[in-house]
Amino acid sequence: MTRTVVITGLGAVTPLGVGAEPLFERWAAGECGIAEGLGRCADFDPVALLDRKLARRSDRFTQLALVAAAEALEQAGWGGGAPVAPERAGCVIGTGIGGIGTIESQLDVLRERGAGAVSPLGIPLLMANAASGAVAMRHGLKGQCYGTVSACAAGAHAIGAGLRMVQHGDADACVVGGAESALTPLAAAAFASMAATSPTGVSRPFDARRDGFVMGEGAGALVLEEESAARRRGATALATVAGYGATADAHHLTAPEPSGDGAARAMRVALADAGREPADVDYVNAHGTSTPLNDRAETEAIKTVLGDRARGVPVSSTKSAIGHLLGAAGAVEAVATAIALRRRSAPPTVGWSERDEGLDLDYVPDVARALERDGGPAVALSNSFGFGGHNAVLCLEAA
Amino acid sequence: MPTATREDVSQRLVEALVDFGADPGEISDDATFEALDVDSLDLVELAQIVEDVYGVELSTADMKRMSTVGDAVDVVVERSG
Numbered sequence: 449m450t451r452t453v454v455i456t457g458l459g460a461v462t463p464l465g466v467g468a469e470p471l472f473e474r475w476a477a478g479e480c481g482i483a484e485g486l487g488r489c490a491d492f493d494p495v496a497l498l499d500r501k502l503a504r505r506s507d508r509f510t511q512l513a514l515v516a517a518a519e520a521l522e523q524a525g526w527g528g529g530a531p532v533a534p535e536r537a538g539c540v541i542g543t544g545i546g547g548i549g550t551i552e553s554q555l556d557v558l559r560e561r562g563a564g565a566v567s568p569l570g571i572p573l574l575m576a577n578a579a580s581g582a583v584a585m586r587h588g589l590k591g592q593c594y595g596t597v598s599a600c601a602a603g604a605h606a607i608g609a610g611l612r613m614v615q616h617g618d619a620d621a622c623v624v625g626g627a628e629s630a631l632t633p634l635a636a637a638a639f640a641s642m643a644a645t646s647p648t649g650v651s652r653p654f655d656a657r658r659d660g661f662v663m664g665e666g667a668g669a670l671v672l673e674e675e676s677a678a679r680r681r682g683a684t685a686l687a688t689v690a691g692y693g694a695t696a697d698a699h700h701l702t703a704p705e706p707s708g709d710g711a712a713r714a715m716r717v718a719l720a721d722a723g724r725e726p727a728d729v730d731y732v733n734a735h736g737t738s739t740p741l742n743d744r745a746e747t748e749a750i751k752t753v754l755g756d757r758a759r760g761v762p763v764s765s766t767k768s769a770i771g772h773l774l775g776a777a778g779a780v781e782a783v784a785t786a787i788a789l790r791r792r793s794a795p796p797t798v799g800w801s802e803r804d805e806g807l808d809l810d811y812v813p814d815v816a817r818a819l820e821r822d823g824g825p826a827v828a829l830s831n832s833f834g835f836g837g838h839n840a841v842l843c844l845e846a847a
Numbered sequence: 141m142p143t144a145t146r147e148d149v150s151q152r153l154v155e156a157l158v159d160f161g162a163d164p165g166e167i168s169d170d171a172t173f174e175a176l177d178v179d180s181l182d183l184v185e186l187a188q189i190v191e192d193v194y195g196v197e198l199s200t201a202d203m204k205r206m207s208t209v210g211d212a213v214d215v216v217v218e219r220s221g
């Protein structure tokens, strides 16, 4: 018998602002944080939000993670100190690429000024596990701590790893999330070179006119706690992480398996892990990247899993409002999904208007949709898929 | 390259320490790097700055002699002479 795990705190920094509330409120209102073809966190001022030393010793992806984690822990009521022993608190934070901004700037230093001028902070800033280490250090989390690296599924894998850690008693709480800041010349050029990004700079998931993803940056963080202990200390359970499923396509380096088989298996595993049936699903927070291939394969996967009900379940993509946050996407989208369940409202796929042949689900056009349910907590799936064929799906339930 | 007077070196090092995040109010000749929360990574950066500005390459032995801000100023002035 595994233990039940609830979310007690949520945090986010996204192109819609600093905070989980601005993310959900503005997305639900149909707003889009993408400007000039990029999802930049324009309101994010690391030196104002962190102290100077911490900001200077962190790549931007780590800075974003630190601010999102602090918000989540504050909401969880950890502001006055952790409610669990430090050794019983873990930290898992995913990223797709890590500190690529540091890699690029230090490579310039190496080429222009030689090896002796390369910063001693180069490695600690660029390493992909820096965000998890920095968050653990700042908040004294002394249990298991590491990063997950699985491209655009990294944030969801981090949440799944933290879920298992608490379910199985390896920890009583775990701070989980994802962070990414890859709006750099090399990353932009490399994604454009493989024709993954949108040449028009518009994120239009599931729409017939979609032509690639829009790069975004940000971080999402969640505090996971064992349910009974959380309730005893009077914490508010914001949602339950009921299930997790992760699979691999083993098909192609970047293209999804066209039938969506790997994605469908991950969705089924997540539902079974939660003890739920496809008929229980009230909302799907899609991976929905706005690439021609993903949105078609994901639609196929949803139809495979939900069967006859598929067209009646609202499916929307957070990426329509903030772009693709790569390794942060799964965490930010889980944050948004948890709030959607709490508010019983599915935000829209912003800008969706032209139906593509075969993409015939309810993508929640124009305005947010009330989530109807007769009895029992509302159930949602949050999908994340990454280059490399990684699929990670979370099943969340309203608490 | 500027002359490494004690006053000039002191000013450059204080600027660097503030940039590293040390509290300006705590910085004095007698302040230890440990008390200022300036660690070995910061000291490597400090050495890089000294090399850039004064052309002085600090050795590991030099670095070991530096436990306070005043020590570091003395070492840089001495080595640049």
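Protein sequences, first through last, are from chains V and L. When we follow our numbering, the leftmost residue of the first sequence carries the number 449, and every step to the right adds one. When we follow our numbering, the leftmost residue of the second sequence carries the number 141, and every step to the right adds one. Just so you know, even glycine gets a beta-carbon here, dropped at the ideal spot from N, CA and C. Quantities reported herein were computed from a predicted structural model and do not represent experimental measurements.
Counting other Cβ atoms within 10 Å of its Cβ, L701 (chain V) stays below 16 and is therefore classed as exposed. Listed along chain V are P568 and L569, each with a C-beta nearer than 7 Å to that of L181 (chain L). In this structure, R744 (chain V) places its C-beta atom within 9 Å of the C-beta atom of G806 (chain V). Following the DSSP letters along the chain, one finds T766 (chain V) in no alpha helix (DSSP H), marked with neither H nor E. DSSP places I548 (chain V) within a helical segment (H, G or I) once states are collapsed to three. Nearest to T797 (chain V) by C-alpha distance, out of V:R504, V:V540, V:E675 and V:P762, is V:P762. Counting only runs that start and end inside the region 707–746 of chain V, the beta strand (DSSP E) elements of at least 3 residues fall at 731–733. Counting only residues of its own chain and dropping the five nearest sequence neighbours on each side, A718 (chain V) has a CB closer than 7 Å to the CB of G691, Y692, G693, L829, V841, L842 and C843. Of the residues assessed, V815 (chain V) falls on the exposed side of the cut-off, its CB having fewer than 16 other CB atoms within 10 angstroms. With respect to the C-alpha of T752 (chain V), the residue from V:M715, V:S768, V:T510 and V:T739 having the closest C-alpha is V:M715. If one requires a minimum length of 4 residues, the alpha helix (DSSP H) runs lying completely within the region 601–656 of chain V are 602–615 and 633–641, in chain order. Residues of the region 486–520 of chain V with a C-beta less than 7 Å from any C-beta of chain L: D499, R500, K501 and R504, listed in chain order. Bridge pairing for Y692 (chain V): V:L842 [DSSP]. Using a CB distance below 7 Å, the part of the region 159–170 of chain L facing chain V consists of F160 and G161, ordered along the chain. By DSSP's assignment, V540 (chain V) forms a beta bridge with V:Y594 and V:V624. Here the alpha carbon of S641 (chain V) sits roughly 45 Å from the alpha carbon of E535 (chain V).
Distances from the alpha-carbon of S567 (chain V) to those of L:L183, L:V216 and L:L153 put L:L183 closest. Shown in chain order are the members of the region 538–565 of chain V whose Cβ falls below 8 Å from a Cβ of chain L: G564 and A565. Take A602 (chain V), set aside five residues on each side of it, and the residues of its chain with a beta-carbon closer than 6 Å to its own are G542, T543, G544, T596, G626 and G775, in chain order. T632 (chain V) and G549 (chain V) do touch by the CB rule: their CB atoms are close to 5 Å apart, below 8 Å.
The bridge partners DSSP lists for R817 (chain V) are V:A794.
Contacts between V184 (chain L) and chain V, judged by CB atoms closer than 7 Å, involve P568 in chain order. For the pair of segments examined, the region 666–685 of chain V was found to touch the region 607–617 of chain V: the number of CB pairs separated by less than 8 Å reaches three.
Pairing A212 (chain L) with L181 (chain L) gives a Cβ-Cβ distance that is not under 9 Å.
Using beta-carbon distances, P813 (chain V) does not count as an interface residue toward chain L, since no partner is under 9 Å.
For the region 187–219 of chain L, the residues whose beta carbon sits under 7 Å from a beta carbon of chain V are, in order, Q188. Close CB contacts of C622 (chain V) within its chain, under the 6 Å cut and outside five residues either way in sequence, are with G538, G610, M613, V614 and L672 (chain order).
Closer than 9 Å to the CB of D148 (chain L) there is not a single CB belonging to chain V. By the CB criterion at 9 Å, G525 (chain V) and R681 (chain V) fall inside the cutoff. From the listed residues V:L773, V:A782, V:E748 and V:H772, the smallest Cα separation to D804 (chain V) is found for V:E748.
Annotation: the continuous alpha helix (DSSP H) that includes G581 (chain V) extends over A578 to H587. A residue is called buried once 16 or more other Cβ atoms fall within 10 Å of its Cβ, and H616 (chain V), having fewer, is exposed. Residue range V453 to T462 is occupied by the beta strand (DSSP E) that includes G459 (chain V), with no alpha helix (DSSP H) assigned at that position. As a beta-bridge residue in DSSP terms, M663 (chain V) pairs with V:H772.
Under DSSP, D804 (chain V) takes part in no beta bridge, so it has no partner. Close CB contacts of P704 (chain V) within its chain, under the 8 Å cut and outside five residues either way in sequence, are with D697, G710, A711, L741, N742, A745, E746, F833 and G837 (chain order).
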